Every structure is written in structure tokens, then in C-alpha cells.
């Protein structure tokens, strides 16, 4: 198969549709988040489920991140195979066969895992004993998302079980995912204030039981300033800040938060033109739509659902429709599942108008959903 682009190509030469990274914007995003964490005395562990890419993870770590988060065993395996040495699976694994694989992986990378059940802890302990390895264990507390995690009052018993197995209890996972896309800073601050109260109660219960709780970790791109302000969190896990998809950009920015730029785009081309619309060659197979349709970058055009392989563009205001064969840049609604649709990033230095391809980064953990 002919690649979408080669190093040194002009942006115009990138075949469409293609997933393109504006490297200049990406580097500014990485440094702004790293600087924020340094200034606030926080460990930064970005979520690599966003980009699934070892080259990008290495840049985050070089800028000061302690390692990365993932959500799936297979993501951890893919990134470890590519040389990423410190990985936190911030999710539950209860399948014995998968835990056996994780225990083996712990022999060649520094790992951590979240737990929220007695069964998960028992099976993890058995797998680690069989493999002769160890890893950090964090008890997940449900702080408002209503997904995984235990109630604060249940964290004590689970932490005690971790310790009784001789495992390393590393602290609490406290992530409020539903708060990330509340649009106003006041709404997000209120949700995180409640989350902090629950996490603080869990921490107090664990420490009063005589178990050291060295870390509370969590937070995302939408709320990290509020977790940072709490004084409780020692580590933050934002992921989407590297790319800033359309959905996150629709949030109203919190005061004193770093400004992040769009750095991830789908390059598309007008393939058909009608009297009142044009059609580009990037449909649902090129960008995820779970958080809504993409935004047309730099032009007042409306993107309309055109199906798997097509996107329909209509005029918005007085904007002139692009011509047949013209390039149209799209900002995906949700970066994480969009990345999972592509095999590589076409990395451009010098901007979308006149830049050149500096690198092609494989997305090693693409399709890693196990």
C-alpha cells in the first residue's frame, strides 16, 4: 500500500483522508501542561489512551511526565514493547488469564493497576506470585462518575486486602470522567469539589486504619486545575490536552488554566460539488462521532453527516464553498476514538498551510481494546 505521505513531503502532497499532527502546536501543548505540573508540585502522568503512540509518550516523558496511563492490558503491552517503561493501567482487570499476562509484563516494565473488587485483588495476587513479579496497586474510588470504583467507606477494606496479600498499596484512583465536559468552570469546579470530598474521606479512612496512602491520582483535561487546587491530588492524568479535540475546545476555559491548541486534524479533500454543498472524502471511518461531528478548521462551513466515507459541507453565513479538489481540514469531535481508526500520524512541522512532513509515527496501540 502506498503511504499517505513520506518524510520531506509538502503538506499538499499528503494523501487524503489522513490523520495529521501539527507538531509545533503539539510541542507547545506538551510543554504548557508539563510547566503547569511543575509549578504546582504535581506528578504528571498523561493518559496514553488518547494517542496510543510511543513516540508521543516519549516526548511527554522527556518534558517531565513520570510515565503514562493506559486503560487496557494490550495498550500496556504495545507501549512496553515500544520502550515505554512506566505504565499505569488505570482500570480494572479481573480476568485471570489477562492478569497472568500483566504479571509477566511487570517483569520488564514498572506497572501499576487499579482495583475495585476483592476478586480482582485475589486474582492479581495469585498472578504476581506465580510470575514472581510485583506492581503498584491503587484502589479506585467512585467520586461521581458512576462507573468503576468503590464507595469511600469500602476503600479501607480493599486497601487492607491489598496489603494483606503483600502487595504494594500505592494510593487511590479518583477520576471524575463526567465532569470533564461540563461546559462552565463553575460547573466543573462544583463537581470536583464533591469528588475531592469523597476522595479525602477515602484517604482518611485508609490512613486511620494504619495504612499509608501515599498518592491520590486522577483528573483530566477538563478539570485538572480544580484537582490541583484541592491540595489532595499528587498526580494528574490529563490526556486530550495534547490534541484538543472539538468537544474539549467547546468548554469555557477555567481562569489561570494553560491555553491548549488544536494539534490533531483530519486532512480531507473535496471529491464532489453540488449547487448548495460539497462532499469531502472523510466520513465516519476517518473520525469518531460519539462526541459530535467534526468542525471545519478555519472556515465558516457546516459539516453534515454524510456516512462512512463522505462528509457534506454546507455554507454557514457568507462563506464560499471550497472548490473540487481543494483541501479541507477537520478538527475531530473526540480525539481518542479517532486515533484508534488510523495506523499512523502524519507529523507536520511549519503549519498546515506551508509545512512539511517531519515524521510518520506509528500508532502502536491502535486496536488494543483487550
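Residue numbers (this note's numbering): 1113 to 1482. Just so you know, even glycine gets a beta-carbon here, dropped at the ideal spot from N, CA and C. Since this is a predicted model, take the numbers as computed values, not measurements.
Collapsed DSSP secondary structure at residue i in the structure displayed
i: residue 1192; result: helix
i: residue 1359; result: helix
i: residue 1127; result: coil
i: residue 1480; result: coil
i: residue 1407; result: strand
i: residue 1345; result: coil
i: residue 1458; result: strand
i: residue 1389; result: strand
i: residue 1336; result: helix
i: residue 1199; result: strand
i: residue 1156; result: strand
i: residue 1504; result: Nothing in the structure corresponds to residue 1504, since the chain is present only between 1113 and 1482.
i: residue 1291; result: helix
i: residue 1376; result: strand
i: residue 1177; result: coil
i: residue 1465; result: helix
Sub-8 Å separation of residue i and residue j beta-carbons
i: residue 1150; j: residue 1179; result: no
i: residue 1280; j: residue 1246; result: yes
i: residue 1413; j: residue 1426; result: yes
i: residue 1204; j: residue 1260; result: yes
i: residue 1152; j: residue 1340; result: yes
i: residue 1128; j: residue 1394; result: yes
i: residue 1327; j: residue 1283; result: yes
i: residue 1262; j: residue 1274; result: no
i: residue 1135; j: residue 1461; result: yes
i: residue 1217; j: residue 1188; result: yes
i: residue 1344; j: residue 1313; result: no
i: residue 1470; j: residue 1119; result: yes
i: residue 1306; j: residue 1256; result: yes
i: residue 1157; j: residue 1335; result: no
i: residue 1359; j: residue 1293; result: yes
i: residue 1209; j: residue 1242; result: no
i: residue 1376; j: residue 1133; result: yes
i: residue 1437; j: residue 1382; result: yes
i: residue 1286; j: residue 1248; result: no
i: residue 1185; j: residue 1169; result: no
i: residue 1366; j: residue 1297; result: yes
i: residue 1161; j: residue 1351; result: yes
Selection from the options that minimises the alpha carbon distance to residue i
i: residue 1126; options: 1134, 1135, 1116 and 1120; result: 1116
i: residue 1430; options: 1424, 1443, 1411 and 1441; result: 1411
i: residue 1379; options: 1365, 1463 and 1317; result: 1463
i: residue 1291; options: 1398, 1363 and 1223; result: 1363
i: residue 1407; options: 1470, 1244, 1374 and 1254; result: 1374
i: residue 1322; options: 1300, 1268, 1193 and 1209; result: 1268
i: residue 1206; options: 1192, 1227, 1193 and 1222; result: 1227
i: residue 1155; options: 1334, 1173 and 1138; result: 1173
i: residue 1277; options: 1234, 1346 and 1368; result: 1234
i: residue 1138; options: 1444, 1219 and 1372; result: 1372
i: residue 1331; options: 1190, 1315, 1353 and 1325; result: 1353
i: residue 1446; options: 1355, 1386, 1287 and 1434; result: 1355
i: residue 1130; options: 1453, 1478, 1466 and 1480; result: 1453
i: residue 1491; options: 1141, 1121 and 1113; result: The structure shown does not extend to residue 1491, since the chain spans only 1113 to 1482, so no value can be given for it.
i: residue 1384; options: 1193, 1435, 1224 and 1220; result: 1435
i: residue 1417; options: 1438, 1409 and 1390; result: 1390
i: residue 1271; options: 1299, 1325, 1219 and 1302; result: 1325
i: residue 1181; options: 1388, 1347, 1479 and 1367; result: 1347
i: residue 1420; options: 1402, 1441, 1396 and 1443; result: 1396
Beta strand (DSSP E) segment containing residue i, residue limits
i: residue 1425; result: 1423-1427
i: residue 1439; result: 1439-1443
i: residue 1474; result: 1468-1474
i: residue 1280; result: 1280-1285
i: residue 1371; result: From DSSP, residue 1371 is part of no beta strand (DSSP E); its letter is neither H nor E.
i: residue 1222; result: 1222-1227
i: residue 1213; result: First-last for residue 1213: 1208-1217, but that is the alpha helix (DSSP H), not the beta strand (DSSP E).
i: residue 1250; result: 1248-1252
i: residue 1180; result: 1180-1182
i: residue 1413; result: 1413-1417
i: residue 1261; result: Where residue 1261 is concerned, there is no enclosing beta strand (DSSP E), given that its DSSP letter is neither H nor E.
i: residue 1351; result: From DSSP, residue 1351 is part of no beta strand (DSSP E); its letter is neither H nor E.
i: residue 1328; result: 1328-1330
Alpha helix (DSSP H) segment containing residue i, residue limits
i: residue 1094; result: Because the chain is modelled from 1113 through 1482, residue 1094 falls outside the range shown and cannot be assessed.
i: residue 1317; result: 1297-1320
i: residue 1447; result: 1447-1451
i: residue 1148; result: 1135-1151
i: residue 1234; result: 1230-1243
i: residue 1168; result: 1166-1174
Residue-level contact to chain D via CB, residue i, 8 Å cutoff
i: residue 1142; result: Here chain D cannot be found, since the structure has a single protein chain.
Cβ-heavy atom distance, residue i to the ligand GDP, below 7 Å
i: residue 1300; result: In terms of ligand content, the structure shown is empty, and the ligand GDP therefore cannot be addressed.
Exercise for the section: Indicate whether the contact test is met: 3 or more Cβ pairs, each with one atom in the segment 1159-1167 and one in the segment 1464-1480, closer than 8 Å. Expected result: yes
Handout entry: the segment 1233-1246 in contact with the segment 1182-1202 per 3-pair CB rule at 8 Å
Key = no
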